[in-house]
Each structure stands twice: as C-alpha cells, then as structure tokens.
Amino acid sequence: MAKKNDRLPPPQAVQPAQGAPSGQAPQPAEEKKLSIYEYEEKYVRRQNARGARLLLGLLAGVIGVFIGWCLFSFTMQLRELHPYAGYAGAAVSVLLFLLVFVVPLVRILRSDYFITNVNDAYAGKAKRHNRRVRRNIAEKMVDLHDSVNGAGWYDSAVIADLRTALRLGNDEGVKTALSAMYKGKVKKTAKEIIFKCALKSAAYSTVSQSSRTDALLVAVVNLQMIKDIVFLYGFRPSDAKLVKIFGAVVRNSLVSFGLGSLQIGNAVIKTMGDAANTIPFLGTAISALIDSSIQGLTNGTLTAVIGFQTIRYLNREYRLQNILDGIEVAESQEELAQTCSEIRDELKRRPARVRQGA
C-alpha cells in the first residue's frame, strides 16, 4: 500500500512539500526514477554502431590525408629550392605529422566513453561499464591534480571528495563529486581552452597569407582542442558523436582552404568606393587586411563552435549515464543464461540417476 500511495499525487502528499524548506520542495520530482522502457523511449535512438565506427575511421583518415598533403606540399616547395632542404623538410614533416595528428587522434580514440544508447537487454552491462568509467575518471583526476603542480584544472575541494569516495569504494560519492566537478571548475576550464584555441586559429589565419597554411593550422588546432577537452573531462564522446565532431573539423578545414581564393576583401573594397584605389598600393593593402581579418574571424568562430559542440556532447552523455544508473534493471539476459546452464547441468545428471535406479 505504501508503494501505491507513493505513485499517486494526492493533495496530502503535496501539502507537506509546500511547508518544507525551499531547498527540499523539488525533491519528490528529482527522486522520481524512469523505468528502462521510459528511458529507452525518451533517450535511445537507433544507431548503426559498426557503421559509425567505419565512418569515424573514414573521417579520421580524411583529416590525416589532408594534413599529410599540406605537409607534403611544403616539402616539395623546399625541394625546389634545394634537394637537401627537401630532405630536411620531409623529416620534419613526418615528425610533425606524428605530433599534430597521430598522437592526438590516438589519445582521443583510446579514451573511455559512456554507453548510454542501450535497450533493456544491455542496460545492466552498460551500467557496470559506466561505473568502471566513472572510477577511472576519478582516479585520473586525482592523479593529475596530485602530480601536476599549478595545473588548476580541477577544484581541490572536490578532488578531496573524490579521493575519499575512491578510498571508501563509495560509487555514489564518486558520481556526486564528478557531477559537481563538471558543473563547476571543469566547465570553466573547458571554456578557457576553447577561447585560447579559437584565438590561435584566428591569429594564425590573420598572419598567414596562404589558404593551404590556414587549412592546415585550423585542422591541427581543432584536433588539439578536442584532445585537450577530452583529457580534461576524462572521457570522450561516443563514436556517433565523434563522427559529427570530426566531420566539423573536415568542414572547417575546407572552409578555411576556400576562403583564401574567395577574395572577400576585394568585394568589400568595392563598396568603399574608388577613392582608395586612386592612392598607390592603398587599395591592395586594405584588401589584404580585410581578407586576413575576415578569415581569422571565420576560422576562430568555427573553432569555437566545435569546442562547444564537444562539451555539449560530453555533458549530455554524462547526464544520460547518471539517469541510466538510477534505473532498476532486471538482468534478464544473465538470468536466462544462468537458467539454461542449470537446466543443462541437471539434464546431464539425470540419465545417470535413471540408470542407477534401473
């Protein structure tokens, strides 16, 4: 009877909440848990996991080919100046390719991720996986805070709570501390990373006068920013979300490459009249200045968009795994497998019993 009354919203249940302190009033709504079927209906979307992995590999390959092509073009330009300069440029290009593409990509793809797009058959397995991921994230944050002086990425008070929860094996404490960390210091630090990377992308594009150089620098800065945000949060978005993020990196690089040939400044200078063109070199100087400033603003904005898209996906998936963790899941698959195993064992024993009785 108590359970039935909890499910109903009679006036008697509402009146104590109104008389309670303001901080306790919304508790009944927050404590209401979804069933796995409600979770599946509200949050789960049909996805082709294998297709997402293949597309993710394809986009990563496109980014790698693009960066490699830009570095190869620079090497060939040096080779035209002198053969030895070309050899030195090739060695430097290989080293840069490893540092700016391979290392960030490997660190991103090897990071943990939460499983949230599940149905009732795999919800129990996903919850256990997510619990391990949370503990790994907490341990990484504590280790980084203790080993790197002056990093300033995490709140010391919340780190102390994480350390205590890990020592006591308190999974709820770990979850609560991580939630506080992501809403506070981590969110602020992520915005600082995005701002710095957007400024870098804009500054490089303003200084550079080559569309190929712009595209290379934009791709490298975007990839580095994603790697830093993933490292800060301690986990990466799912494969399906990474497909969208890497697709945005490819788009930004192509946009940056195309801006150099659009001659935006020449179109703007025409609206300023012919007065500037009457003064030698003034029209060309203003045109180049406008071109570079517009390219820098565009590339910086696109970089910021990718950064905020990344943290939005991370926050959403962390929130979903929290919701999933609070759902009571019947281990139907495991129970079925265990029952089948018990039946099989029993059938193996029964013939022997029959023969003994005969």
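The letter at position 297 of the sequence shown is residue 296 when you use numbering that gives the first Met the number 0, and the numbering goes up by one with no holes. Think of the CB as a built atom: it goes at the ideal place given N, C-alpha and C, for glycine as much as any other residue.
Can you look up residue i in the DSSP assignment and give me helix, strand or coil?
{"i": "A68", "result": "According to the sequence displayed, residue 68 carries Trp and not Ala. Three-state result, W68: helix."}
{"i": "Y38", "result": "helix"}
{"i": "T115", "result": "coil"}
{"i": "N169", "result": "coil"}
{"i": "L177", "result": "helix"}
{"i": "D160", "result": "helix"}
{"i": "S209", "result": "coil"}
{"i": "I285", "result": "Interpretation of I285 is limited by its pLDDT of 37, a score under 50 that renders its predicted location unreliable; the figure taken from the coordinates is listed afterwards. Of the three classes helix, strand and coil, the one that applies to I285 here is helix, per DSSP."}
{"i": "D227", "result": "helix"}
{"i": "V147", "result": "coil"}
{"i": "I326", "result": "coil"}
{"i": "D142", "result": "helix"}
{"i": "R44", "result": "coil"}
{"i": "A275", "result": "For A275, the predicted model reports a pLDDT of 39, less than 50, meaning its position is unreliable; a value from the coordinates is still stated below. In this structure, A275 counts as helix in the three-state DSSP scheme."}
{"i": "F234", "result": "coil"}
{"i": "G295", "result": "helix"}
{"i": "G50", "result": "helix"}
{"i": "Q355", "result": "A caution first: Q355 carries a pLDDT of 49, below 50, which makes its placement in the model too unreliable to give a value."}
{"i": "Y312", "result": "helix"}
Measure the CB-CB distance between residue i and residue j and report whether it falls below 8 Å.
{"i": "T297", "j": "I244", "result": "no"}
{"i": "E327", "j": "F113", "result": "no"}
{"i": "Y121", "j": "M140", "result": "no"}
{"i": "L77", "j": "G67", "result": "no"}
{"i": "V132", "j": "D119", "result": "no"}
{"i": "I62", "j": "V249", "result": "yes"}
I believe residue i touches residue j by the beta-carbon criterion, under 8 Å. Please report the beta-carbon distance rounded to the nearest angstrom.
{"i": "V242", "j": "L58", "result": "6 Å"}
{"i": "A201", "j": "G295", "result": "4 Å"}
{"i": "R44", "j": "N135", "result": "Not really, about 26 Å apart at Cβ, beyond 8 Å."}
{"i": "S255", "j": "V217", "result": "4 Å"}
{"i": "R404", "j": "F230", "result": "Here the chain has residues from 0 to 357 only, and residue 404 is not among them."}
{"i": "F96", "j": "L55", "result": "With 8 Å as the limit, F96 and L55 do not qualify as a contact, their Cβ atoms being about 20 Å apart."}
{"i": "A189", "j": "L161", "result": "That belief does not hold up - the Cβ atoms of A189 and L161 are roughly 18 Å apart, past 8 Å."}
{"i": "Y232", "j": "L313", "result": "5 Å"}
{"i": "F363", "j": "L222", "result": "Not covered by the structure: residue 363. The range shown for the chain is 0 to 357."}
{"i": "I192", "j": "D227", "result": "5 Å"}
Task: Those runs of the alpha helix (DSSP H) which lie wholly inside the region 55-112 and span at least 4 residues - done: 82-96 and 102-108
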